[in-house]
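First up is the structure itself, then whatever we jot down about it.
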Amino acid sequence: MVPASHSLVSTTTGNDEREVSLHSNTGPTGNQVSDKGISARSMIEALLAGLQASSNCFGPLRMAIDGIGKLAEIYKRGSDQSKEYEKLQKKLKDILQIIDQHTGSDRRLIMTDSVKQVYSDIKAEAKRAEEKQARNTGRQITDALRDSDDVLACYNRIADHMQRLMLNVILSTFETAKGQEAESRLTKMSSVESAFYNSHAVSRGGCAPHTRKPQIDLLIEWARTPGAGKTCWMNGMAGTGKTTIAYTVCERLGTQLGASFFCSRTLPECRQVGYIIPCVSRQLARFSAPFHRALDRVLESEPDVHCRKLQLQYEKLIVEPLMEVHESLPALEFVVAIDALDECEDPESVGQILDLLLSKDYDLPIRFLVSSRPESQICQRMADRKDGSPEEARLVLHDLDSEGVRSDIEAYMRHELKNVELKSEQWFVILEQCGVLFIYASTICRFIRQGHATDTIDELVETIMNSPYIPTKGENSIDTLYHTILAAAFGQDDMTEKNTTRMKALLESVICAIEPMSLNTIAELLGLKSTKQVEGLLQPLRSVLNVAKDTGLVTTLHASFPDFMLSHDRSQDFSCDHTLRHATMAETCLRLIDMAEPKVNICGLPSSHLLDNQVQGLKGRVRQAISPGLDYACRHWSTHLDRGEYRESLLEPVRQFFFHRLLLWMEVLNLKGNMRYGTRIIQRAEIWCKKHAALDEIAKMAHDAGRFVSVYANHPSRPVLGNGSANAGAVGHLGGFEHIDPVDEPVRRRNTTCGADRRRDRHA
Numbered sequence: 044m045v046p047a048s049h050s051l052v053s054t055t056t057g058n059d060e061r062e063v064s065l066h067s068n069t070g071p072t073g074n075q076v077s078d079k080g081i082s083a084r085s086m087i088e089a090l091l092a093g094l095q096a097s098s099n100c101f102g103p104l105r106m107a108i109d110g111i112g113k114l115a116e117i118y119k120r121g122s123d124q125s126k127e128y129e130k131l132q133k134k135l136k137d138i139l140q141i142i143d144q145h146t147g148s149d150r151r152l153i154m155t156d157s158v159k160q161v162y163s164d165i166k167a168e169a170k171r172a173e174e175k176q177a178r179n180t181g182r183q184i185t186d187a188l189r190d191s192d193d194v195l196a197c198y199n200r201i202a203d204h205m206q207r208l209m210l211n212v213i214l215s216t217f218e219t220a221k222g223q224e225a226e227s228r229l230t231k232m233s234s235v236e237s238a239f240y241n242s243h244a245v246s247r248g249g250c251a252p253h254t255r256k257p258q259i260d261l262l263i264e265w266a267r268t269p270g271a272g273k274t275c276w277m278n279g280m281a282g283t284g285k286t287t288i289a290y291t292v293c294e295r296l297g298t299q300l301g302a303s304f305f306c307s308r309t310l311p312e313c314r315q316v317g318y319i320i321p322c323v324s325r326q327l328a329r330f331s332a333p334f335h336r337a338l339d340r341v342l343e344s345e346p347d348v349h350c351r352k353l354q355l356q357y358e359k360l361i362v363e364p365l366m367e368v369h370e371s372l373p374a375l376e377f378v379v380a381i382d383a384l385d386e387c388e389d390p391e392s393v394g395q396i397l398d399l400l401l402s403k404d405y406d407l408p409i410r411f412l413v414s415s416r417p418e419s420q421i422c423q424r425m426a427d428r429k430d431g432s433p434e435e436a437r438l439v440l441h442d443l444d445s446e447g448v449r450s451d452i453e454a455y456m457r458h459e460l461k462n463v464e465l466k467s468e469q470w471f472v473i474l475e476q477c478g479v480l481f482i483y484a485s486t487i488c489r490f491i492r493q494g495h496a497t498d499t500i501d502e503l504v505e506t507i508m509n510s511p512y513i514p515t516k517g518e519n520s521i522d523t524l525y526h527t528i529l530a531a532a533f534g535q536d537d538m539t540e541k542n543t544t545r546m547k548a549l550l551e552s553v554i555c556a557i558e559p560m561s562l563n564t565i566a567e568l569l570g571l572k573s574t575k576q577v578e579g580l581l582q583p584l585r586s587v588l589n590v591a592k593d594t595g596l597v598t599t600l601h602a603s604f605p606d607f608m609l610s611h612d613r614s615q616d617f618s619c620d621h622t623l624r625h626a627t628m629a630e631t632c633l634r635l636i637d638m639a640e641p642k643v644n645i646c647g648l649p650s651s652h653l654l655d656n657q658v659q660g661l662k663g664r665v666r667q668a669i670s671p672g673l674d675y676a677c678r679h680w681s682t683h684l685d686r687g688e689y690r691e692s693l694l695e696p697v698r699q700f701f702f703h704r705l706l707l708w709m710e711v712l713n714l715k716g717n718m719r720y721g722t723r724i725i726q727r728a729e730i731w732c733k734k735h736a737a738l739d740e741i742a743k744m745a746h747d748a749g750r751f752v753s754v755y756a757n758h759p760s761r762p763v764l765g766n767g768s769a770n771a772g773a774v775g776h777l778g779g780f781e782h783i784d785p786v787d788e789p790v791r792r793r794n795t796t797c798g799a800d801r802r803r804d805r806h807a
């Protein structure tokens, strides 16, 4: 930052040299600048120099200054007395006054994508102006300007963009303390980083070079064409490449992309409609500092609004802040991309959020790119759009010219298999079998690379080529390939019957997992010796399953594969009976909880009187004592129980849990920071007990346990919670809940080992 007495800019134009000081004790201020007394170019340069000095990061504008300055001088000579020119001078003078009032040593302009987009707009207008000047070479400039208003229009647009920058200066200024509080409030609002299009946690990617160009160009043109409509719907059947196209479009949009939410049924947080609006709002706060400030006022007055109904979320977290700061946003509407909306869990909620996005009641400076399968509840709403979007604002991938799609698939496969030598006849058959589905091509590429890595490529290619079916265009055309891959995986000559059974259990467990499981978690749940054994069983399935390099999380590669596996008509002998698998996983989870040792103070904390932040190396203790499998079991046992078939063999493990392991389970949740989910977990178990008319003793225990857990989950001051509490003996406090009769006796027996009475007095 420059001192207040420092002259920010000195400009020279021919023989005309003027100095404009925005923070000067002697030079002219915004109030002292007269319409006639300073050149337009000097005013613009003063404006930009003032911004440069206040932020130290306005490099992109330096490229635009010369072109704008030349235009200003030319236009001044051509129509110095015109009313339009006088209006323009006044607008620039007003902007100078704003800078003079709102820039100083304690303020800076945050370089958000919104600001960068305004920069880009200024550069584009400057370039356009220079081109118009160049075309006028050889004519009298004054005549050329009299004959056209184009240059003046460019100049006015530049002034408008400058004004947007000024609004960003005004609206993005936070005092230091206020800024920290605002950041804290923003952080507490739900954010799903794995839903960002380019999230490091998820292995998404864009289109291969030179593929899907017409489709990508169409979507980019929609995003950048005024009046093209508020929403564009890209739809296509499974495997047509929606997500990769959406990813590439997000990349191409650059600073015009305001936010993205890529849904996925394999990730719990990415399949909940309730997370979409808060996540988008949080990204918009990064996109635009003025938006962040306006949003913070909402969160300050209504800190829990992100947990409310979708309409209230939308109005408070998106509509109100946008309407307040819309004049500071770039002239070109920014884009929010929502991919794979059909993969969200609740169809009713999907319909609700679409109704909000498509509503004509909200006139927002925003466009929505939505992609999905052509599900009925989405198709109907898109057909009835009333947000001003033309009928052609859509892209139907399964209706494209088949030859163009086949050509793109060949380009993609040759790029992916560039290090694999295939004969021309092999290429011909493989490309024919791919048809028009990119997921087919992608899966075959993984299948072939797997063979290349194990030196069995000829055998695997032969397997594909000898398949008796050639897929045709349609929803189930990939089924043949999935059959072929699974037959090859389970039909290996050297695989024992035990390993075949283990591999089937592994595959079904990945498909039925409530959240992606790590190699360690799978090993624990399946009772395998090590992650190495898990990796060995996974290897034949790597064409349909993915293992993340950084996290070791195992997921299906595409949503079409679980669809295939869960349909007996499609997958036949390979099908996964999810009710059987969920029941088995529920039993396994309860067994892991029952086997956990020690039953009290699982982390071996030195004293029940210490707070969390007083225990040295607490995180390390938790990591060592609570395995990934036990953590998964404690969070998801009741979901598997609820989704699985009823088995009498489950009654005793459930009874054992409530009578002997409830407190251990609460301690694990508490130490892992998941106590807020406790009530919901117990409620699912209670529903299961009622649904299946379990023994009255177990049903009553489940009900009382739900009330019991709810008290602690909703009272952070109690030591059972992790935030600053004494975790080790927290379970001892349960002895004070005499109204919970079934729990009371086991709790009292355990109190003698925990020193709980003394802690109760201390925290009373």
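Letter by letter, the sequence shown follows residues 44 to 807 in the working numbering.
Note that CB positions come from ideal geometry on N, CA and C, so glycine has one too.
Between which residues of its own chain and residue i is the CB-CB distance below 7 Å, once the five residues before and five after are set aside?
| i | result |
| --- | --- |
| G570 | none |
| A484 | I452, Y455, M456 and C477 |
| F304 | A238, I319, C322, V323 and I381 |
| Y405 | V362 |
To the nearest angstrom, how far is the alpha carbon of residue i from that of residue j?
| i | j | result |
| --- | --- | --- |
| I741 | A531 | 46 Å |
| R634 | N757 | 28 Å |
| S233 | K541 | 44 Å |
| L568 | R545 | 11 Å |
| P346 | R228 | 7 Å |
| V393 | C350 | 16 Å |
| S371 | P333 | 7 Å |
| G248 | S445 | 23 Å |
| R719 | M608 | 33 Å |
| M628 | L588 | 19 Å |
| M205 | R267 | 20 Å |
| L397 | D536 | 51 Å |
| R723 | H735 | 19 Å |
| E788 | T539 | Reliability of the predicted coordinates at E788 is poor, the pLDDT of 41 falling under 50, and the value obtained from them is presented with this limitation in mind. One C-alpha to the other measures close to 50 Å. |
| G595 | E367 | 44 Å |
| E695 | L353 | 41 Å |
| N644 | G716 | 16 Å |
| L661 | L653 | 11 Å |
| Q395 | C313 | 17 Å |
| Q657 | L714 | 14 Å |
| P649 | A639 | 19 Å |
| V754 | Q299 | 47 Å |
Leaving out five residues before and five after residue i in sequence, what residues of the same chain have Cβ atoms less than 6 Å from its Cβ?
| i | result |
| --- | --- |
| V245 | S237 |
| R489 | S586 |
| T564 | P671, G672 and Y675 |
| K359 | V341 and V348 |
| W731 | L684 and D685 |
| Y240 | Y290, C293, S303 and F305 |
| R428 | L401 |
With a threshold of 8 Å between beta carbons, is residue i in contact with chain C?
| i | result |
| --- | --- |
| D655 | No chain C is present in this structure, which holds just one protein chain. |
Check for me: the beta strand (DSSP E) holding residue i runs from which residue to which?
| i | result |
| --- | --- |
| V590 | L588 to V590 |
| V597 | L596 to T599 |
Which first and last residues belong to the alpha helix (DSSP H) in which residue i is found?
| i | result |
| --- | --- |
| G721 | G721 to K734 |
| Y240 | Taken as a continuous stretch (DSSP letters only), Y240 belongs to no alpha helix (DSSP H), as it is neither H nor E. |
| R613 | H611 to S614 |
| E345 | Element bounds for E345: n/a, residue is neither H nor E. |
| M718 | Premise fails: M718 is in no alpha helix (DSSP H) and is neither H nor E. |
| Q258 | K256 to R267 |
So, for residue i: in the same chain, excluding its five sequence neighbours on each side, which residues have a beta-carbon less than 8 Å away from its beta-carbon?
| i | result |
| --- | --- |
| R437 | C275, W276, M277, N278 and M425 |
Contiguous beta strand (DSSP E) assignments of at least 3 residues, all confined to the segment 271-325: The DSSP assignment places 274-278 and 300-305 as complete runs of the beta strand (DSSP E) inside the segment 271-325, in order along the chain (cut-off: 3 residues).
Extract the residue ranges of the alpha helix (DSSP H) inside the segment 395-444, only unbroken runs of 4 or more that lie entirely within it. You should have 419-426.
For the segment 611-619 against the segment 673-682, do three or more pairs of beta-carbon atoms, one drawn from each stretch, fall closer than 8 Å, so that the two count as touching? Output reads no: the segment 673-682 does not touch the segment 611-619.
Validate contact between the segment 548-565 and the segment 465-477 using beta carbons, cut 8 Å, 3 pairs: By the C-beta criterion, the segment 548-565 is judged not to be in contact with the segment 465-477, since fewer than 3 inter-stretch pairs fall below 8 Å.
Count the CB pairs spanning the segment 445-458 and the segment 408-424 that are closer than 8 Å, and state whether there are at least three. Not touching, per the Cβ criterion.
What runs of the beta strand (DSSP E), each 3 residues or longer, lie entirely inside the segment 359-394? Considered as a whole, the segment 359-394 harbours 377-382 as its complete beta strand (DSSP E) runs of no fewer than 3 residues, in chain order.
Examine the Cβ distances between the segment 281-297 and the segment 569-584 and report whether three or more of them are shorter than 8 Å. With the cut-off at 8 Å, the segment 281-297 and the segment 569-584 do not touch.
Is it a yes or a no for the segment 366-380 touching the segment 401-412, going by three-plus beta-carbon pairs under 8 Å? Yes, the segment 366-380 is in contact with the segment 401-412.
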